[in-house]
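Take a look at the structure set out below.
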Amino acid sequence: MSVITTRKDGDVLVVTSNNPPVNALGQAVRAGLAEAIQEASADDAIKAVVITCEGRTFFAGADITEFGKPPVGPSLPEVVDAIEASAKPVVAAIHGTALGGGLEVALACHYRIAVASAKLGLPEVKLGILPGAGGTQRLPRVVGVADALPMIVTGNPISASKAEGIGLVDKLVAEDDLAGSGVAFARSVADKGDHPVSSTRTDKIKDIPSDSDFFDEFRKAQMRRMKGFEAPEACIEAVKAAIDLPYAEGVKKERELFGKLVSGTQSKALRHVFFAERAAAKIDDIPKDTPLIPIKKVGILGAGTMGGGIAMNFLTAGYAVTIVERQQEALDRGVAIIRKNYERSAAKGRFTEAQVKGAMDLLTPTLDYNDLADCDLVIEAVFENMDVKKEVFRTLDGIVKQGAILASNTSYLNVDEMAAETKRPGSVLGLHFFSPANVMRLLEIVRAEKTEPAVLKTAMDLSKKIGKVAVVAGVCFGFIGNRMLSPRQRAAQAMLLQGAMPWDVDKALTDFGMPMGPFQMSDLAGLDLGWDKANSKSETIRDVLCERDRRGQKTGKGFYDYDENRRAIPSDEVAEVIKEFAAKSGLEQRSFSPDEIREALLFPMINEGAKILEEGMAQRASDIDTVWINGYGWPAYTGGPMFWADTIGLDKVVAGLKAQGAEVCKLLEDKAAKGETFN
Ligand code: 3H9
């Protein structure tokens with residue numbers, strides 16, 4: 002059956018797209034839409050047209066899989082122009098998400114109606130591009146620059162009611178019988194003389210002049226979000242063109258900017274990230290018909306920072322949560338922090354007071370382990386020590402009902418050993434949340450040797466429900482993320498002995514796009530993590546700094562000094578300590594370029610990533626990219642460590658590692674020799 006079908010409802014032609022899963026505007030859809038408009042134009046009995054979509058959503062945009070392939074006409078700009086040029090009014094009837102090219106189709110229609118649950122947006126910027134089918138020119142003409150600019154530059158969608166408020170949607174209609182509402186609306190406007198044509202509108206476009214401070218202020222407000230990304234600035238340029246230039250020239254400018262971005266490395270990387278996140282949810286060797294275990298009630302062991310953050314994920318998603326601590330004081334403190342976090346979010350407008358109350362009402366704090374008995378999933382977030390964890394698993398196994406899942410939030414330890422303490426190793430797995438757990442998107446699902454398929458599938462399903470991006474990892478020290486962090490930290494320490502300073506090393510990585518470098522990270526985490534005060538003998542730089550109470554931000558100084566605003570300042574004292582150690586090391590002292598520093602720190606990570614793949618600890622290279630982007634702030638516009646390695650060439654990575662004297666993983670070496678890539 003064709004993806005686009007037409008049917009006559011009296012004098013209205015109803016055009017329906019059926020291209021699951023998201024009605025992406027692939028070639029067949031575009032061709033079908035163009036033909037449908039021609040059909041309406043050629044039929045005297047037709048007075049108006051309704052465009053609607055089957056399935057879960059209105060067009061969610063251009064078909065991203067077609068990018069980078071030879072274009073096959075008609076192009077989306079041609080199709081939207083044909084829709085707008087129709088002498089008979091065209092009505093977009095929107096449900097689900099009208100995104101990107103989908104919203105551009107709707108903008109080309111003369112009228113837009115939507116159900117209240119619909120969302121409308123131009124998310125192209127998140128793929129490293131800008132709307133390329135007239136969106137940057139039509140949207141400001143329809144809603145004004147003040148409302149269009151944030152939609153185009155942030156890519157965040159708006160609700161249908163907001164869209165109605167700003168004039169993007171003409172009418173909100175009932176959820177049922179959208180096509181019927183579309184036909185009624187089309188009929189009500191069919192005999193009007195003039196139909197609004199977005200590209201020729203001038204009533205709203207001059208709300209903000211292109212030389213207004215508005216743009217600079219907007220840039221300033223978005224600075225952190227835009228840092229390093231090319232597309233947002235191009236979006237601003239395109240919107241300015243909409244104000245300054247006639248439509249035809251503005252569209253030319255948009256095409257030019259689109260063409261440059263879509264063929265660039267950033268857009269390729271961000272498209273990779275889009276598909277990588279979706280691929281991560283697929284577990285290759287689990288049969289499709291594996292059942293899910295129903296999860297209604299979740300238990301959390303430990304009400305510290307981690308336990309509280311984990312609890313919030315489930316409370317926000319509407320799950321009943323029982324949280325257990327050993328001491329009343331610790332329990333009260335944990336619950337108070339959860340409440341404070343919610344209230345802070347409510348103050349910022351992210352939650353309503355009713356939502357905060359709803360979430361808190363779902364929380365049962367207790368000192369009694371036995372209250373976990375009827376939980377469907379229990380996650381332990383206790384002290385990171387194997388003996389403690391084993392004890393916890395033995396206890397939980399005796400209390401929690403059979404069939405329930407037992408999970409550890411360990412960030413390094415062996416989940417198989419914990420599972421072996423129970424009589425239900427098939428129901429045990431790792432759920433490694435990242436701190437702050439209520440904020441960070443990443444979840445590593447650690448698949449232990451005996452974890453049953455249903456348990457794994459349930460965890461993956463649950464991760465989506467609580468808004469996480471989950472990746473499956475095998476049991477190995479540090480799983481995917483922390484395992485790759487170790488060689489980076491080692492390389493950073495080694496650089497200090499060869500003449501680099503912590504601030505040089507950190508800057509090379511923050512300039513690359515990381516939120517912080519290894520020494521800023523140490524200062525944040527505390528240098529004394531794992532440091533043994535009693536036995537410290539000034540043997541390492543870390544020992545000496547800790548002995549001098551430079552234990553990181555918490556003591557006001559670490560690798561850096563900190564001023565009253567917590568701004569990091571290079572420390573002369575630390576420089577002296579490092580120089581002494583460097584002199585004693587006997588290593589040649591020299592300066593390093595930022596590129597050399599990046600290669601020294603990041604190539605060993607790629608090598609470790611390749612080992613992880615070789616050992617089957619990650620399912621695919623793109624999963625590793627997903628971990629690093631969502632858990633550690635690796636810059637998304639480089640595509641993640643493994644994609645980045647592909648873009649610079651694996652042969653260059655291998656040569657760099659050999660020059661560092663590293664042992665190169667066989668998988669990496671083989672791929673480089675064959676001219677292959679990871680992704
Ligand atoms: C654009 O429009 C450019 C134009 O301005 C100019 C052109 C000239 N194409 O996310 P889900 C797949 S750029 C191809 O899991 P959800 C997705 O990979 C586009 N495939 O569902 C997945 O496949 P699989 C601007 C797509 O319910 C499946 O659909 N638009 C596309 O959680 C289900 O996806 C966007 O950036 C696509 N456009 O969320 C919107 N979209 O099952 C991108 C999805 O094999 N899409 N797929 O893994 C989304 O944001 C979400 O998919 C959406 C649904 C919110 C729609």
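The sequence shown begins at 2 in this note's numbering and counts up one residue at a time. Idealized CB from N, CA, C, for every residue including glycine.
Alpha carbons only, please: which of L407, R351 and K127 is nearest the one belonging to L373? L407
Residue from E670, N314, E40 and L603 with nearest C-alpha to V16: E40
Please classify Q138: is it buried, with 16 or more other beta-carbons within 10 angstroms of its beta-carbon, or exposed? buried
Beta-carbon proximity check, I380 vs V506, cutoff 8 Å: no
Under 8 Å between C-beta atoms of N24 and A61: yes
Is V416 closer than 8 Å to G431 when the C-beta atoms are compared? yes
Could you check the C-alpha separation between L173 and I84 for me, to the nearest Å? 22 Å
Here's a check: name, in chain order, each residue in its chain whose Cβ is nearer than 8 Å to the Cβ of N314, leaving out the five neighbours to either side. F434, A438, N439, I467, G468 and K469
Tell me which residues share the same chain as M461 and place their Cβ nearer than 7 Å to its Cβ, disregarding the 5 neighbours each side in the sequence. A282, I284, I446 and A471
CB-CB under 6 Å to R551, same chain, minus the five flanking residues each way: which ones, in chain order? K558 and G559
Does DSSP put K269 in a helix, a strand or coil? helix
C-alpha distance - G166 paired with I114, whole-angstrom precision: 13 Å
Taking the C-alpha atoms as reference points, what is the distance between L34 and H273? One C-alpha to the other measures close to 28 Å.
Name the two residues that bound the continuous alpha helix (DSSP H) containing P366. Careful: P366 lies outside any alpha helix (DSSP H), inside the beta strand (DSSP E) at L364 to T367.
Using CA coordinates, which residue listed in G265, L131, P288 and V73 is at the minimum distance from A455? P288
Within 10 angstroms of the Cβ of A43, are there 16 or more other Cβ atoms? Answer buried if so, exposed if not. exposed
Cβ neighbours of Q267 in the same chain (closer than 6 Å, five flanking residues each side left out): G129, E231 and Y638
Does DSSP put K558 in a helix, a strand or coil? strand
Can you name the residues that DSSP bridges to V473? I446
If the criterion is Cβ atoms closer than 8 Å, does the pair K70 and T98 meet it? no
Heavy atom of the ligand 3H9 within 7 Å of E105 beta-carbon: Checking every heavy atom of the ligand 3H9 against the Cβ of E105, one is found closer than 7 Å.
Reference Q328, options A321, V322 and V336, closest by Cα: V336
Can at least three beta-carbon pairs, one atom from the segment 471-487 and one from the segment 610-624, be found at a separation below 8 Å? In short, these stretches touch, since the Cβ pair count reaches three.
Grouping DSSP H, G and I as helix and E and B as strand, with all else coil, what is D217? helix
State buried or exposed for V73, treating a residue as buried only when at least 16 other CB atoms are found within 10 Å of its CB. exposed
P71 (DSSP reduced to helix, strand or coil): Annotated three-state conformation of P71 is coil, per DSSP.
Less than 8 Å between the beta carbons of G103 and L14, yes or no? no
Can you confirm whether E231, when its beta carbon is compared against all beta carbons of chain B, has any partner nearer than 8 Å? You won't find chain B in this structure, because it holds only one protein chain.
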